[in-house]
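Number of protein chains: 2
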Amino acid sequence: MAGAPDDASAAVELEQYLRTRIPLTGAMQVRVREACRARVVLAAPLAPNINHQRTAFGGSVAALATLAAWSLLRVRLRGDGRAANVVIRRSTIDYAAAVTGELMAICEFSDEDRWSEAIARLRARGRARLEVESRLEEPAGTAARFHGVFVLLDAGADH
Amino acid sequence: MAGAPDDASAAVELEQYLRTRIPLTGAMQVRVREACRARVVLAAPLAPNINHQRTAFGGSVAALATLAAWSLLRVRLRGDGRAANVVIRRSTIDYAAAVTGELMAICEFSDEDRWSEAIARLRARGRARLEVESRLEEPAGTAARFHGVFVLLDAGADH
Chain A
143 MAGAPDDASA AVELEQYLRT RIPLTGAMQV RVREACRARV VLAAPLAPNI
193 NHQRTAFGGS VAALATLAAW SLLRVRLRGD GRAANVVIRR STIDYAAAVT
243 GELMAICEFS DEDRWSEAIA RLRARGRARL EVESRLEEPA GTAARFHGVF
293 VLLDAGADH
Chain Z
143 MAGAPDDASA AVELEQYLRT RIPLTGAMQV RVREACRARV VLAAPLAPNI
193 NHQRTAFGGS VAALATLAAW SLLRVRLRGD GRAANVVIRR STIDYAAAVT
243 GELMAICEFS DEDRWSEAIA RLRARGRARL EVESRLEEPA GTAARFHGVF
293 VLLDAGADH
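Residue numbers (the numbering used here), protein chains in the order written: chain A, 143 to 301; chain Z, 143 to 301.
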C-alpha cells in the first residue's frame, strides 16, 4: 500500500501526464493536489476557466470533474500494475451553485469490493464497467456533483 | 425572422462573445460555423482538444456540447430582444464513440411552442426551465449525445 512519499510522487506523475497528454489541462492550469487510491483532488484557478458571468465556465467544471474521476481510476490501475485504458461512457452533472473562486474537484472511492469485482471482470473478459462519482467543492459547499460510467479496457485485450 | 446575412453576423458576434468572455474557448479554438434560431454549429480542431489516446478529450466534448446548447438559447433570446441569463442546471452525456478528427457540436431546436411557453414563463415568473439537446457529429455518425437542463433568468428579475 502506498505511503505518503509514494502518494506525492503519484501526484507529480499524474500532473505531468495530464499536462503532456491532454493539452487543455495546461490551458485550464490544472494542478494535482492529491492522488492516492482513495482520493484524487484536482484544482484550477478561476481566471483561465471563467465565464461571461465571472464564475466558472460549465465546460471547465465538467472537464475537471471528469478528469478527477478518470484520474482516480488511473491511479488505482497503476497501483495494481495493470495496463488498462479508462474510457468514459456516460456522465451526469448536477450544477447546484456557481463556482466563484478556485475550482476544486474531489473524487473519493473506497469500495474495495466493487474495485476487486471490476478487476476480476477485467481479467476474465478484458473489460469492466465501473461507476465513479466526483464533486466540485466551494468553501460554501458542494457546487456540482458528477456521476460517471467508465469502462476499463485491458490494453492488450481484443475489444 | 433572420435571413442569411443576419445569421452570418450572429455567428461572428457569438464567436467574438465566446472568445472574449469564456477564455477557454480560445484555448479550444472554438469556431462558430452556424448560429440561427433553429441551429447552432460549433467546431474545434482536434490538436488543442486531444487526449492521451489521440482522440478528443472527454472534457472538450462536454464543453463543446454544452456551449452549443447554451449558444442556441442565447441566439434565440437575443433574437427576441430579451435580456436573460442562461444557466445550466443538469447535463447528461452519452459517449458513443471516440472523436478522431475535428470536433463538431450541433444543437437544433425547432419546437416553437415549447419556446413560446418558456418565454411566457420567463415573463410571468422571471425564470423558466428548458431542456435542450446537442450532439457531437463525426463523419461516421454521432459520437456523443448531450442533454441539458437550462434555466433562463430574467436579467432584471429578483431571483
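Every residue, glycine too, gets a C-beta built ideally from N, C-alpha and C.
- At a cut-off of 7 Å between beta-carbon atoms, R265 (chain A) makes no contact with chain Z.
- For M170 (chain Z), DSSP records no beta bridge to any residue.
- In this structure, the alpha-carbon of Q171 (chain Z) lies about 43 Å from that of D255 (chain A).
- A240 (chain Z): not part of any alpha helix (DSSP H); DSSP gives it neither H nor E.
- V182 (chain Z) is not a Cβ neighbour of S233 (chain Z), given a cutoff of 7 Å.
- Taking a cut-off of 8 Å for Cβ pairs, the region 160 to 168 of chain Z and the region 216 to 233 of chain Z do not touch, as fewer than three such pairs fall below it.
- DSSP places G268 (chain Z) outside any alpha helix (DSSP H), giving it a letter other than H or E.
- Taking each of A:V291, A:A226, A:D236 and A:S276 in turn and checking the Cα distance to G268 (chain A), the smallest one comes out for A:A226.
- L188 (chain A) is outside the set of residues whose beta carbon lies under 7 Å from a beta carbon in chain Z.
- Here the C-alpha atom of A270 (chain Z) lies approximately 50 Å from the C-alpha atom of G223 (chain A).
- Separation of L184 (chain Z) and I230 (chain Z) (C-alpha to C-alpha, rounded to the nearest whole angstrom) is 18 Å.
- A direct Cα-Cα distance of roughly 8 Å separates G243 (chain A) from A198 (chain A).
- At a cut-off of 7 Å between beta-carbon atoms, I230 (chain A) makes contact with chain Z.
- With respect to the 7 Å criterion, L272 (chain Z) and F292 (chain Z) are classified as neighbours on the basis of their beta carbons.
- Pairing V228 (chain A) with R179 (chain Z), the inter-Cα distance amounts to about 38 Å.
- Of the candidates Z:E176, Z:A169, Z:A285 and Z:G168, Z:A285 places its Cα closest to the Cα of V241 (chain Z).
- Closer than 7 Å to the CB of F292 (chain A) there is not a single CB belonging to chain Z.
- Here A247 (chain A) is not near S202 (chain A), since their CB atoms are 7 Å or more apart.
- Interface residue (Cβ-Cβ distance to chain A less than 7 Å): T242 (chain Z) is not classified as such.
- Considering only beta carbons, the part of the region 161 to 174 of chain Z lying closer than 9 Å to chain A consists of T162, R163, I164, P165, L166, T167, G168, A169 and M170, in chain order.
- A186 (chain Z) and E280 (chain Z) have their C-alpha atoms roughly 12 Å apart.
- Listed as beta-bridge partners of H289 (chain A) by DSSP are A:T234 and A:E275.
- About 4 Å separates the CB atoms of A177 (chain Z) and A153 (chain Z); that is less than 8 Å, so the two are in contact.
- L188 (chain Z) carries a coil assignment under DSSP once its states are collapsed to helix, strand and coil.
- Using a CB distance below 8 Å, the part of the region 196 to 225 of chain A facing chain Z consists of F199, G200, G201, S202, A204, A205, L206, T208, L209 and W212, ordered along the chain.
- Rounded to the nearest whole angstrom, the CA to CA distance from P165 (chain A) to A239 (chain A) is 28 Å.
- Excluding the 5 residues flanking it on each side, H289 (chain Z) has same chain C-beta neighbours closer than 6 Å at T234 and E275, in chain order.
- With contacts defined as CB atoms closer than 7 Å, D253 (chain Z) and R287 (chain Z) fail to qualify as a contacting pair.
- Under the Cβ distance rule, D236 (chain A) counts among the residues neighbouring chain Z, one pair being separated by less than 7 Å.
- Taking a beta-carbon distance threshold of 7 Å, S233 (chain A) counts as an interface residue toward chain Z.
- Looking from the CA of P190 (chain Z), the closest CA among Z:A211, Z:G168 and Z:R175 belongs to Z:G168.
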